[in-house]
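For the record, the sequence lines run as chains A and B.
Its first residue numbered 735, the first sequence is counted upward by one per residue in the working numbering.
Its first residue numbered 735, the second sequence is counted upward by one per residue in the working numbering.
We treat Cβ as the ideally placed atom computed from N, Cα and C, and that holds for glycine.
Source: prediction; values computed, not measured.
Notes follow the structure.
There are 2 protein chains.
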Amino acid sequence: MISYDYIREGDAIYRQSFNIIRKEADLSAFTEEQADIAVRMIHACGLVGAAEHFLFSADFVAKARGALHAGAPIFCDAEMVAHGITRARLPADNPVICTLRDGRTVEIARTIGNTRSAAALNLWDGMGGALVAIGNAPTALFRLLELLDAGAPRPAAIIGMPVGFVGAAESKDALIAHSFGIPYAVVRGRMGGSAMTAAAINALARAGL
Amino acid sequence: MISYDYIREGDAIYRQSFNIIRKEADLSAFTEEQADIAVRMIHACGLVGAAEHFLFSADFVAKARGALHAGAPIFCDAEMVAHGITRARLPADNPVICTLRDGRTVEIARTIGNTRSAAALNLWDGMGGALVAIGNAPTALFRLLELLDAGAPRPAAIIGMPVGFVGAAESKDALIAHSFGIPYAVVRGRMGGSAMTAAAINALARAGL
Chain A
735 MISYDYIREG DAIYRQSFNI IRKEADLSAF TEEQADIAVR MIHACGLVGA
785 AEHFLFSADF VAKARGALHA GAPIFCDAEM VAHGITRARL PADNPVICTL
835 RDGRTVEIAR TIGNTRSAAA LNLWDGMGGA LVAIGNAPTA LFRLLELLDA
885 GAPRPAAIIG MPVGFVGAAE SKDALIAHSF GIPYAVVRGR MGGSAMTAAA
935 INALARAGL
Chain B
735 MISYDYIREG DAIYRQSFNI IRKEADLSAF TEEQADIAVR MIHACGLVGA
785 AEHFLFSADF VAKARGALHA GAPIFCDAEM VAHGITRARL PADNPVICTL
835 RDGRTVEIAR TIGNTRSAAA LNLWDGMGGA LVAIGNAPTA LFRLLELLDA
885 GAPRPAAIIG MPVGFVGAAE SKDALIAHSF GIPYAVVRGR MGGSAMTAAA
935 INALARAGL
C-alpha cells in the first residue's frame, strides 16, 4: 500500500500557504489591507511573482468592503467568478449576479455588435453602488467603461481582472487611465482570471481565514 | 466621449489569441493534439511560460477524448471547474458532476479526517471509465490516489491540476510517479487551477474554436 504524506486539515493548509506567500512575495507596494487581498490572489494562481502586476487604487478596499457590508450586489462577467465566491463569507448575504447565460444576451450581442460577455452587462440592473467583478472577458471591461462613459450608474468599486492575449492588458490600462472616479483593483497585463477575481472578493468579504 | 478600440467578435478574439500563443510559446515538447490543449490552457492563465510545466502522458488525449465521445461523466473537485466547462462543446451531453456541496461531505470529512474536497470523492459514483478533473484541491488529488490504491474503479483519464503552495506540487508528483496505469495531464509545481483544468476539458471536448 502506498502512503501519501500530506496535510489534511483545511485551515492548517490555508495558514501554511499564506505564510509561504508572505515569506516569498514582495508585498511592499501594498497597504496591510491590500496585502491581505494580494495574498489570496497569489494563492489562487500559485505564483508569487504575480503580485508585481497588482494595482489597487487608494480607496478600493474601504469602498469595496463598505459596499459589501451595506448589502451591495456583486455583478460578475463569468459563471466561474460567481461560483468561486464563497457565499458563507459574504457579510450581508449579498446577491451574486451573472447574466451571461440569460437567453437575451444573444440578441443583445447581435444588436450592439459585441460579444455575449459584453452584451450581458446590458442586463445588469442596479449597478449603482454595486461591486463589479470582471474576471474573464476584456470585452466586458471595455463595455463597462463605455456604459459608464454614457452615464450608467456608478458602481462602488470595480475589480478589473480579465485574462488573455487580446484586449486584456488594454482594457485594464483603459480602466486605470480613466476609472470615472470609481475605485478599482487590477491585475495589469495578460494575467488575471476568475480564480484571482473570486479570491479578491473572498478576501474583501471577510478578513482572515 | 471616450473611444475604445478593441475587437468585439468572439471567434476573431480566439483566433488572434491562439495565434499569439503559438508564436510565443515553446510547444516543441508536445504532439500536435497535446499542443492544441496546451494552447487553450495557456489562454486560460495568460502566461505562455506556463507550458514548461505541462505534462501529458502519451495516451492521455486519445483516452480522454475516447471517454468523452463514449458519454463518460466528468467528475470535478470544484464548482469553478464544473462551471468552466462549455457544455455545448461536450460530444455526448456528458454529465458534469461536482459533489463538493453535497451536505454529506461535512460528515465524511470528519470521519476520514480530511478536507471536504477530499471527502467529496467518496460520493463519486461511477468513476470507472470516467474523466476525472482535479483543478483546485491537492487533498482531492491525494485522496484520489488513495482510493485508487485501495482498488477504486479506474477512470479513463485524470486531469491533475490543483493549484497552490501546500501539497499541490507534491500531489501532482505523486500522480506522475504512480498513476495506476491511468493516462494523465498535469501542470507540475504550484500552478494549475480551475480555469486551466476547464480549458483542457474544453479542448478535449472539441478541436478548433
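Reduced DSSP secondary structure (H/G/I, E/B, other) of residue i
i               : result
V815 of chain A : helix
Y748 of chain A : helix
A759 of chain B : coil
I776 of chain A : helix
V830 of chain A : strand
F914 of chain A : coil
A919 of chain A : strand
I808 of chain A : strand
L943 of chain B : coil
S737 of chain B : coil
A886 of chain B : coil
Boundaries of the beta strand (DSSP E) in which residue i is found, first to last residue
i               : result
G894 of chain B : A891 to G894
A801 of chain B : First-last for A801 of chain B: F794 to H803, but that is the alpha helix (DSSP H), not the beta strand (DSSP E).
F788 of chain B : F788 to F790
Whether residue i touches residue j by CB criterion (8 Å)
i               : j               : result
H817 of chain B : V921 of chain B : no
G927 of chain A : C779 of chain B : yes
M861 of chain A : F809 of chain A : yes
I935 of chain A : G901 of chain B : no
L938 of chain B : A798 of chain B : yes
R909 of chain B : L879 of chain B : Note that residue 909 of chain B corresponds to Leu in the displayed sequence, not to Arg. Going by C-beta atoms, L909 of chain B is nearer than 8 Å to L879 of chain B.
V782 of chain B : I741 of chain B : no
A801 of chain A : A891 of chain A : yes
G869 of chain A : P829 of chain A : no
D793 of chain B : A874 of chain B : no
R877 of chain B : F899 of chain B : no
Where residue i meets chain A, residues with beta-carbon distance less than 8 Å
i               : result
A929 of chain B : M814, V897, G927, S928 and A929
A778 of chain B : V897 and G927
G901 of chain B : Y740, I741 and I747
Contacts that residue i makes with chain A (C-beta to C-beta distance below 7 Å)
i               : result
N848 of chain B : R742
E880 of chain B : Y738
M735 of chain B : D883
A937 of chain B : Ordered by position in chain A, no residue passes the 7 Å Cβ test against A937 of chain B, which lies about 16 Å from the chain.
Under 9 Å from the C-beta of residue i: neighbouring residues of chain A
i               : result
E904 of chain B : Y738, D739 and Y740
Beta-carbon neighbours of residue i, restricted to chain B and to distances below 7 Å
i               : result
L943 of chain A : Under the 7 Å cutoff, chain B gives no residues; its nearest Cβ is about 13 Å from L943 of chain A.
D811 of chain A : Residues of chain B passing the Cβ test: none, with the nearest at roughly 13 Å.
L802 of chain A : Neighbours of L802 of chain A on chain B: none; closest Cβ ~20 Å, over 7 Å.
F788 of chain A : Chain B residues near F788 of chain A: none, gap ~14 Å exceeds 7 Å.
T839 of chain A : Within 7 Å Cβ-Cβ: nothing; T839 of chain A doesn't reach chain B, min ~12 Å.
Start and end residues, alpha helix (DSSP H) containing residue i
i               : result
I935 of chain B : S928 to A939
A874 of chain A : P872 to D883
A996 of chain B : The requested residue 996 of chain B is not part of the displayed model; chain B covers only 735 to 943.
A851 of chain B : Inspection of the sequence shows that residue 851 of chain B is occupied by Ser rather than by Ala. Taken as a continuous stretch (DSSP letters only), the alpha helix (DSSP H) holding S851 of chain B covers R850 to A853.
E841 of chain A : T839 to I846
Per-residue contacts from residue i into chain B (C-beta, under 8 Å)
i               : result
T845 of chain A : Within 8 Å Cβ-Cβ: nothing; T845 of chain A doesn't reach chain B, min ~12 Å.
Per-residue contacts from residue i into chain B (C-beta, under 9 Å)
i               : result
G818 of chain A : A812, E813, M814, H817 and S928
Problem - Within 7 Å of chain A by C-beta, residues of the stretch 746 to 768 of chain B in sequence order - result: I747, Q750, S751, I754 and I755
Practice task
Taking a Cβ distance cut-off of 8 Å, strictly less, list which residues of the stretch 911 to 927 of chain B are near chain A, in chain order.
Solution key: H912, G923, R924, M925, G926 and G927
Handout entry: Chain-ordered residues of the stretch 859 to 878 of chain A with a beta carbon less than 8 Å from chain B
Key = P872, T873 and F876
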